[in-house]
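Report on one structure; see the data block that follows.
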Amino acid sequence: MHSASLTVDPAFRIGAVDPRLYGSFVEHLGRCVYTGIYEPGHPTADADGFRQDVVELVRGINVPIVRYPGGNFVSAYDWEDGIGPVSERPTRIDLAWRSLETNHVGVDEFQRWAAQVDAETMMAVNLGTRGIDAARAFIEYCNHPSGTAWSDRRRANGAKDPYGIKVWCLGNEMDGPWQIGHKNALEYGRLAAETGKAMRLVDPGIELVISGSSHSRMPTFGTWERIALTEAYDTVDHISMHSYYQQHGDDRDSFLAAAVDMDRFIDAIVATADHVRAVGRHSKRLTIAFDEWNVWYQSRFPGEENLPIAEAPALLEDVYSVTDAVVVGNLLISLLRHADRVKIGCQAQLVNVIAPIMTATGGPAWRQSIYHPYALTSRHGRGTVLRLEAQSPTHETAVHGEVPLLDAVAVLQDDDEGLALFAVNRDQHEPMTVDVDLRALPHLTGGEHVAIADDDPDAVNDRDNPDRVAPRRLAEPRPDGGRLQVELPPLSWNLIRLTGRTA
Ligand code: AHR
1 MHSASLTVDP AFRIGAVDPR LYGSFVEHLG RCVYTGIYEP GHPTADADGF RQDVVELVRG
61 INVPIVRYPG GNFVSAYDWE DGIGPVSERP TRIDLAWRSL ETNHVGVDEF QRWAAQVDAE
121 TMMAVNLGTR GIDAARAFIE YCNHPSGTAW SDRRRANGAK DPYGIKVWCL GNEMDGPWQI
181 GHKNALEYGR LAAETGKAMR LVDPGIELVI SGSSHSRMPT FGTWERIALT EAYDTVDHIS
241 MHSYYQQHGD DRDSFLAAAV DMDRFIDAIV ATADHVRAVG RHSKRLTIAF DEWNVWYQSR
301 FPGEENLPIA EAPALLEDVY SVTDAVVVGN LLISLLRHAD RVKIGCQAQL VNVIAPIMTA
361 TGGPAWRQSI YHPYALTSRH GRGTVLRLEA QSPTHETAVH GEVPLLDAVA VLQDDDEGLA
421 LFAVNRDQHE PMTVDVDLRA LPHLTGGEHV AIADDDPDAV NDRDNPDRVA PRRLAEPRPD
481 GGRLQVELPP LSWNLIRLTG RTA
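If you count the sequence shown from 1, position 266 lands on 266 in the numbering used here, and the numbers rise without skipping.
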């Protein structure tokens with residue numbers, strides 16, 4: 001049995017959680033849109049063709065913002081293909097994922113779906129094959145009230161009121177050679193600045209996201225951000241980050257410490273953005289949109305070039321285990337720990353494609369293991385993040401070096417509701433006793449402890465066993481004299497909720 005300790009003090013505030021930290025991502029990729037959120041003819045489909053079983057599951061996560069329509073898809077997407085009478089829309093080859101895109105779902109349908117799940121849209125514009133002109137027309141279509149060619153087209157298509165889409169991504173992963181219309185950092189930075197400028201002239205109230213490196217192992221990592229931001233710093237509000245993790249071979253210890261990499265990546269981007277701020281004598285401080293993150297078994301993907309062209313093919317349908325869920329919970333801890341700078345997070349993606357929700361075409365929808373830490377953190381991790389003083393045993397990992405076995409963060413919940421403690425035990429075999437010093441929060445009383453932990457760390461949910469992996473309740477935590485002792489099972493993600501006054 002390991003021993004560790006945590007000190008929680010409401011004076012040590014990192015920052016308020018922006019609810020958009022719990023965002024998600026819907027790309028026209030595989031079965032995310034078609035037979036994921038949209039399947040006319042499905043027994044639960046509404047008049048618009050949206051699966052209501054999926055809507056229910058999405059509501060269970062409480063997703064405040066959804067990035068759309070890509071991803072790599074957006075870099076050759078003509079948004080105009082997706083408006084007007086559905087029967088007149090063209091079918092095109094999506095070159096990013098070698099799929100047939102029928103355009104049956106476009107911006108108007110997506111806005112109706114987003115309203116059903118109470119989410120705002122985070123819209124991406126195509127800076128691969130297109131640019132300033134298409135982007136300014138698109139935002140005029142979406143956000144201008146009326147009396148112009150594009151806004152009146154929207155009204156004619158059934159949306160009288162403007163959508164008021166606030167957050168816009170200036171392209172996607174433009175540093176990646178795989179991206180259609182890939183650019184170097186200077187080309188991209190200039191284009192992002194000019195596109196953003198034109199979009200803001202249409203709607204001054206928007207927030208703009210500049211594309212950062214596709215991941216921290218890109219050869220241009222760091223340089224890309226410095227050059228692109230130097231061109232566009234004044235125009236943009238957030239810098240985008242993407243990162244995916246998977247277990248390599250049998251090195252589970254390194255995989256379980258993936259959040260260490262996420263922490264380091266965020267710290268590096270913050271430092272780079274602040275460097276550009278200093279050199280340019282800017283007063284504004286940029287924040288981060290971590291708008292693609294998740295576990296993704298990329299090694300199982302054959303590569304786009306090997307895909308036959310098909311309509312709504314089953315792509316990237318990773319099935320997630322208990323271990324994956326613990327890692328996802330830990331990645332959320334990392335995002336929370338950076339709540340002062342990370343304002344938007346999008347788990348990639350929402351349905352079927354590396355997703356917490358799976359569907360069978362014509363059949364049921366179910367929660368993957370990773371759904372649970374995501375939904376529970378989204379529900380209880382709203383408020384103010386506290387910096388914890390932690391003492392933890394460590395171990396050596398092949399990829400990240402020496403890492404603590406305990407990783408944790410606390411959120412002082414909104415409305416004086418209590419405290420949520422999120423904690424991971426990264427040891428695969430040993431449980432851990434954690435002594436929590438709560439003397440600075442003397443009014444906290446009882447609560448609950450739920451965990452994702454299992455005798456079989458490879459257990460998964462599927463159509464036949466949709467609840468095989470689910471949070472389980474552990475012994476009720478009872479603070480006593482400002483002290484609390486909790487036991488974290490081996491290889492586990494934990495939520496410890498304490499109720500009572502925190503002010
Ligand atoms: O989420 C899957 C893909 O990963 C996205 O299309 C792309 O932006 C990233 O490389």
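Glycine included, C-beta positions come from ideal geometry on N, C-alpha and C.
As an exercise, report each continuous beta strand (DSSP E) stretch of at least 3 residues that is fully enclosed by the region 47-109, in chain order.
65-68, 92-94 and 99-101
In the region 423-503, which residue ranges form an unbroken beta strand (DSSP E) of at least 3 residues, counting only runs that do not cross its ends?
432-437, 447-452, 472-474, 483-488 and 492-499
Using the Cβ count rule (16 or more neighbours within 10 Å means buried), how would you classify G383?
buried
Can you tell which of P442, L29 and P373 has the C-alpha that lies nearest to the C-alpha of R472?
P373
Given a cut-off of 9 angstroms, decide if M122 and A289 are closer than it, judged by their beta-carbon atoms.
yes
Counterpart residues of N207 in DSSP-defined beta bridges
For the sequence presented, residue 207 should be read as Glu rather than Asn. According to DSSP, which records beta bridges pairwise, E207 is partnered with V167.
Alpha carbon to alpha carbon, how far is W293 from A451?
22 angstroms
Look at the Cβ atom of L331, then the Cβ atom of A259, and state whether they are nearer than 9 angstroms.
yes
Just how far apart, CA to CA, sit R217 and F422?
29 angstroms
Within the same chain, show all residues whose beta-carbon is closer than 8 angstroms to that of T445, passing over the 5 residues directly before and after it, in chain order.
R478, P479, L498, T499 and G500
The beta strand (DSSP E) with K183 in it runs from where to where?
Element bounds for K183: n/a, residue is neither H nor E.
Please work out which residues of its chain come closer than 6 angstroms, Cβ to Cβ, to G514, disregarding the five sequence neighbours upstream and downstream, and give them in chain order.
The requested residue 514 does not occur in the structure, where the chain is confined to residues 1 to 503.
Buried versus exposed call for H429 [16 or more other C-beta atoms within 10 Å across all chains shown]:
exposed
Write down every uninterrupted run of the beta strand (DSSP E) in the region 215-245 whose length is 3 residues or greater and which is fully enclosed by it, in chain order.
238-245
Any contact between the region 135-147 and the region 155-168? By contact I mean 3 or more CB pairs, one from each, below 8 angstroms.
yes
From this set, P19, A257, L100 and R281, which residue's C-alpha is nearest L307's C-alpha?
L100
Would you mind reading off the limits of the beta strand (DSSP E) that contains M358?
I357 to T359
Once you ignore the five residues that flank A137 on each side, which residues in its own chain have a CB closer than 6 angstroms to its CB?
W150
Threshold first: 3 residues or longer. Then list the beta strand (DSSP E) segments lying entirely within the region 293-377, N to C.
342-348, 357-359 and 365-367
So I14 is in the alpha helix (DSSP H); what residue range does that whole segment cover?
Where I14 is concerned, there is no enclosing alpha helix (DSSP H), although the beta strand (DSSP E) it sits in stretches over R13 to A16.
DSSP puts S24 in a beta bridge; with which residues?
V66 and Q347
Given that a residue counts as buried once 16 or more other Cβ atoms are within 10 Å of its Cβ, and exposed if not, what is V105?
buried
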